[in-house]
């Protein structure tokens with residue numbers, strides 16, 4: 030797909046900062062791709078970027094307007110249409126992470142077609158994939174896995190890519206969800222792929238590469254999450270990871286969306302992900318933990334990470350508090 | 030979806046018997062739903078049903094023309110269109126198990142719409158599903174699982190349903206693939222569902238029921254098949270099986286479509302299916318084997334089944350050679 034940057038991040042009339050979390054991810058991880066943010070009256074989100082009009086952004090070379098905001102229901106507010114039409118007139122493409130499609134808004138689709146602009150609905154895969162084969166391919170792959178959904182797998186993968194590149198590794202983040210795709214400028218929203226083709230889509234996303242190249246693959250959900258585990262298994266088999274990093278949030282009372290189900294035990298979760306990954310990579314193993322300790326104070330977080338590392342004999346980091354260096358140390 | 034019977038089975042100009050295997054499955058398992066078969070000139074398949082013209086079939090009450098044949102490429106032959114249009118005129122619906130859609134053939138779609146007939150493209154789910162929850166629901170469920178694709182899971186489930194009904198069980202076959210759907214008159218082609226919704230689709234397909242009611246769920250692929258295992262895992266979690274029957278073909282040199290991959294070991298395959306199923310049903314277990322011994326002579330088959338039963342301490346049957354009674358004996 031290859032979404033062109035620089036980006037202008039559109040926050041619309043976001044009712045609160047959380048509504049703009051997709052744009053926030055882009056601003057955090059690809060600040061140098063962003064010429065600024067565009068906010069409508071009443072917007073309650075602020076990414077700390079310069080506020081720019083469409084004209085100012087276009088003058089600074091913005092190539093894509095990113096719809097990185099969700100109002101209630103994941104729909105486009107009618108008030109956004111004028112902005113989208115004007116962005117097309119000024120030479121920009123539009124990329125959106127919403128469930129509803131930009132390309133279904135008739136006036137926007139018609140203008141984009143007339144002007145030769147691209148519309149990217151990143152939640153909706155547009156290409157067809159081959160069936161996966163599980164055949165080994167060259168290159169190294171790291172997959173972020175987890176005990177639950179929404180537990181830091183994208184953040185972890187991006188932090189690992191950043192640290193690896195800083196050390197001179199050949200490393201590419203491979204996006205499997207909408208925010209990741211806007212951050213990477215490319216990728217596949219894997220949970221929207223027809224189930225027969227999930228592992229094949231991941232084989233496409235993280236293809237054969239140089240022997241010393243690392244794909245750092247964004248994980249999705251968990252093999253122990255009964256709503257989405259099939260997505261995860263296709264991702265595990267398709268990415269044939271050499272190593273996995275287990276993401277976890279120690280204070281979460283239950284699995285996301287499932288009030289009656291506890292977050293699984295870490296040891297069980299490691300075992301099931303290693304067993305599954307070994308179907309396509311016999312040497313696959315979990316080599317460390319990435320823990321979201323946001324709900325703990327400094328002392329409690331440090332204690333938890335230390336105890337976890339001792340218990341399992343492998344590094345446990347919080348990428349927000351302390352970075353991921355101890356994990357990258359293991360990748361030689 | 031609820032496809033109305035009686036059926037007229039359309040074999041077209043099938044170049045060989047294997048091309049009509051979908052129709053063959055319907056004729057085998059639902060012979061009392063079939064008024065006959067309709068063959069065009071040059072057809073090389075024969076289901077052993079009476080040959081009927083469209084008019085004869087209509088006069089005998091046929092409600093649906095079943096397109097149960099694949100020519101090369103899974104496409105509709107242009108020569109079939111006349112038959113389809115005439116069937117609609119005579120009051121029949123049309124149901125097809127092909128990849129390409131009847132509803133995409135414009136003259137057929139227009140006539141169906143004008144006459145108020147239904148077109149069922151059973152490989153293509155038309156409804157939306159909720160996300161699965163993994164919550165326990167009443168009723169009992171049996172799932173056919175396997176070491177590979179195309180190994181007898183549908184046949185096994187149908188043989189079990191038949192034996193269970195003959196003994197007075199409340200039992201319903203639940204179809205998850207196109208042939209099964211034509212046999213059941215209903216179901217969900219699970220491998221065509223968007224990956225996020227697979228377990229939810231199975232929760233819809235095999236819903237809460239009487240405590241003494243059995244859903245006998247058609248399995249798909251294998252948790253150890255790297256092309257499709259995600260489909261299987263959604264099916265295992267969504268069906269929350271009380272019991273599973275492991276299907277296997279002992280002489281197969283490699284997994285289907287994967288010349289470099291051996292069929293997995295039975296013990297490993299049982300362990301991985303039981304572990305996965307226990308995520309949504311802690312008591313799930315494999316209780317027997319359904320073995321396709323077609324490639325063996327009688328003595329070799331009997332010896333293999335006996336040794337397998339002894340090795341694992343549970344019944345091993347070939348449903349074609351000897352039926353599935355020893356497995357149903359365990360279901361009380």
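Chains as they are written, first to last, in our numbering: chain E, 30 to 361; chain F, 30 to 361.
We put the beta carbon where it would ideally sit given N, CA and C, even for glycine.
Closest to residue 129 of chain E by CA distance: which of E:221, E:90, E:47 is it?
Along the first chain, read from residue 1 onward, the residue named residue 129 of chain E stands at position 100. For the residues E:221, E:90, E:47, the minimum Cα distance to residue 129 of chain E belongs to E:221.
Quick one: any contact between the stretch 308-323 of chain E and the stretch 271-288 of chain E, if contact means 3 or more CB pairs under 8 Å?
yes
So, at 8 Å on beta carbons, what are the nonlocal neighbours of residue 252 of chain E in its own chain, with the 5 sequence-adjacent residues on each side left out?
Position 223 of the first chain, counted from the first residue, corresponds to residue 252 of chain E. So the list reads 174, 258, 261, 262, 265, 298, 301, 302, 305, once near-sequence residues are dropped.
List the residues that DSSP assigns as beta-bridge partners of residue 243 of chain E.
Translated into positions along the first chain, residue 243 of chain E becomes position 214. E:169, E:200.
Alpha carbon to alpha carbon, what distance is there between residue 149 of chain E and residue 189 of chain E?
The residue labelled residue 189 of chain E in the question sits at position 160 within the first chain. The residue labelled residue 149 of chain E in the question sits at position 120 within the first chain. So the alpha carbons of these two residues sit roughly 27 Å apart.
Contact list for the stretch 241-269 of chain E against chain F, Cβ threshold 7 Å:
253, 255, 256, 257, 258, 259, 260, 262, 263, 266
Starting from the Cα of residue 33 of chain E, find the closest Cα among E:267, E:123, E:182, E:280 and give me that residue.
To locate residue 33 of chain E, count along the first chain from 1; it is residue 4. That would be E:123, whose Cα lies nearest to the Cα of residue 33 of chain E.
Alpha helix (DSSP H) runs wholly inside the stretch 68-150 of chain E, at least 4 long, in chain order:
83-88, 110-118, 135-144
Since residue 89 of chain F contacts residue 183 of chain F with CB under 8 Å, what's their CB separation in whole angstroms?
Counting from 1 along the second chain, the entry for residue 89 of chain F is found at position 60. Counting from 1 along the second chain, the entry for residue 183 of chain F is found at position 154. Contact doesn't hold; Cβ gap of about 28 Å is too wide.
State whether the stretch 66-74 of chain F contacts the stretch 337-349 of chain E, with contact taken as three or more CB pairs (one from each stretch) at a distance under 8 Å.
no
Can you tell me where the alpha helix (DSSP H) with residue 26 of chain E in it begins and where it stops?
Given a span of 30 to 361 for chain E in the structure shown, any question on residue 26 of chain E remains unanswerable.
When you compare the CB of residue 97 of chain E with every CB in chain F, is at least one pair closer than 9 Å?
Position 68 of the first chain, counted from the first residue, corresponds to residue 97 of chain E. By this cut-off, residue 97 of chain E is not an interface position.
Taking only beta carbons into account, state which residues of the stretch 282-294 of chain F come closer than 8 Å to chain E, listed in chain order.
Answer in chain order: 286, 287, 289, 290.
Using a Cβ-Cβ cutoff of less than 7 Å, which residues in the same chain neighbour residue 53 of chain F once the five nearest sequence positions on both sides are dropped?
Within the second chain, residue 53 of chain F is the residue found at index 24, counting from 1. For residue 53 of chain F, where only same-chain residues beyond five positions count, the Cβ hits under 7 Å are 76.
Determine contact between the stretch 339-356 of chain E and the stretch 35-49 of chain F, defined as no fewer than three beta-carbon pairs at a distance below 8 Å.
no
Going by beta-carbon coordinates alone, are residue 202 of chain F and residue 158 of chain F separated by less than 9 Å?
As a working mapping, residue 202 of chain F is identified with position 173 in the second chain. As a working mapping, residue 158 of chain F is identified with position 129 in the second chain. No.
Are the C-beta of residue 126 of chain F and some C-beta of chain E separated by less than 9 Å?
Walking along the second chain from the start, residue 126 of chain F turns up at place 97. No - not a single Cβ of chain E is within 9 Å of the one on residue 126 of chain F.
Report, in whole angstroms, the separation of the C-beta atoms of residue 270 of chain F and residue 310 of chain F, which I expect to be a contact under 8 Å.
Locating residue 270 of chain F in the second chain gives position 241, counting from the first residue. Locating residue 310 of chain F in the second chain gives position 281, counting from the first residue. Between residue 310 of chain F and residue 270 of chain F the Cβ distance is about 6 Å, and since that is below 8 Å, they are a contact.
Host beta strand (DSSP E) of residue 41 of chain E (start-end)
Here residue 41 of chain E is taken as the residue at index 12 of the first chain, counted from 1. Run containing residue 41 of chain E: 36-41, per the beta strand (DSSP E) assignment.
Sequence-distant residues of the same chain with beta carbon closer than 6 Å to residue 58 of chain E, five excluded per side
Reading the first chain from its first residue, position 29 is the one you call residue 58 of chain E. Closer than 6 Å at the Cβ level, and outside the excluded window around residue 58 of chain E, lie 187, 212.
Against chain F: residues of the stretch 148-165 of chain E by CB proximity under 8 Å
160, 161, 162, 163, 164
In the stretch 211-288 of chain E, which residue ranges form an unbroken alpha helix (DSSP H) of at least 4 residues, counting only runs that do not cross its ends?
227-234, 258-268
Within 9 Å (strictly less), CB to CB, does residue 235 of chain F reach chain E?
Position 206 of the second chain, counting from 1, holds the residue named residue 235 of chain F. Residue 235 of chain F does not count as touching chain E.
Check whether chain F comes within 9 Å of residue 201 of chain E, counting only Cβ atoms and requiring the distance to be less than that.
Within the first chain, residue 201 of chain E is the residue found at index 172, counting from 1. Not one chain F Cβ lies under 9 Å of residue 201 of chain E.
Cβ-heavy atom distance, residue 269 of chain E to the ligand PLP, below 8 Å
Ligands are entirely absent from the displayed structure, and the ligand PLP is therefore not among its contents.
Endpoints, the beta strand (DSSP E) within which residue 314 of chain E is located:
Numbered from its first residue, the first chain carries residue 314 of chain E at position 285. Note, residue 314 of chain E: beta strand (DSSP E), 314-320.
Compare the C-beta of residue 342 of chain E with all C-beta atoms of chain F and state if any pair is closer than 9 Å.
Indexing the first chain from 1 puts residue 342 of chain E at position 313. At a cut-off of 9 Å between beta-carbon atoms, residue 342 of chain E makes no contact with chain F.
Classify residue 92 of chain F: buried if its beta carbon has 16 or more other beta carbons within 10 angstroms, exposed otherwise.
Against the second chain, residue 92 of chain F aligns to sequence position 63. Buried, because 16 or more other Cβ atoms sit within 10 Å of the Cβ of residue 92 of chain F.
Coarse secondary structure for residue 345 of chain E, derived from DSSP in three states:
Taking the first residue of the first chain as position 1, residue 345 of chain E is located at position 316. Residue state, collapsed to three classes: strand.
Write down the C-beta distance between residue 217 of chain E and residue 230 of chain E rounded to the nearest angstrom, noting that I regard them as a contact closer than 8 Å.
Within the first chain, the letter at position 188 stands for residue 217 of chain E. Within the first chain, the letter at position 201 stands for residue 230 of chain E. 5 Å between Cβ atoms; contact.
Proximity test, Cβ basis, 9 Å: residue 320 of chain F and chain E
For the purposes of this step, residue 320 of chain F is taken as residue 291 along the second chain, with counting starting at 1. No, residue 320 of chain F lies away from the interface with chain E (no Cβ there is under 9 Å from its Cβ).
State the Cα-Cα distance for the pair residue 307 of chain E and residue 152 of chain E, rounded to the nearest angstrom.
Position 278 of the first chain, counted from the start, is the residue given in the question as residue 307 of chain E. Position 123 of the first chain, counted from the start, is the residue given in the question as residue 152 of chain E. Going by the C-alpha atoms only, they are around 29 Å apart.
Could you name the residues of the same chain whose beta carbon sits closer than 7 Å to that of residue 120 of chain E, not counting the 5 residues immediately before and after it, in chain order?
Here residue 120 of chain E refers to the residue found at position 91 when the first chain is read from its first residue. The answer, listed in chain order, is 87.
In angstroms, rounded to a whole number, what distance separates the CA positions of residue 243 of chain E and residue 285 of chain E?
As a position in the first chain, residue 243 of chain E is number 214, starting the count at 1. As a position in the first chain, residue 285 of chain E is number 256, starting the count at 1. Distance between the alpha carbons of residue 243 of chain E and residue 285 of chain E: 30 Å.
Measuring only between beta-carbons, confirm whether residue 309 of chain F sits less than 9 Å from chain E.
In the second chain, the residue the question calls residue 309 of chain F occupies position 280. Yes - at least one Cβ of chain E is within 9 Å of the one on residue 309 of chain F.
Among the residues of its own chain, which have a CB less than 6 Å from the CB of residue 228 of chain F, if the five just before and after it don't count?
As a first step, residue 228 of chain F is located in the second chain; it is residue number 199 there, counting from the start. Cβ within range, chain order: 161, 263, 266, 267.
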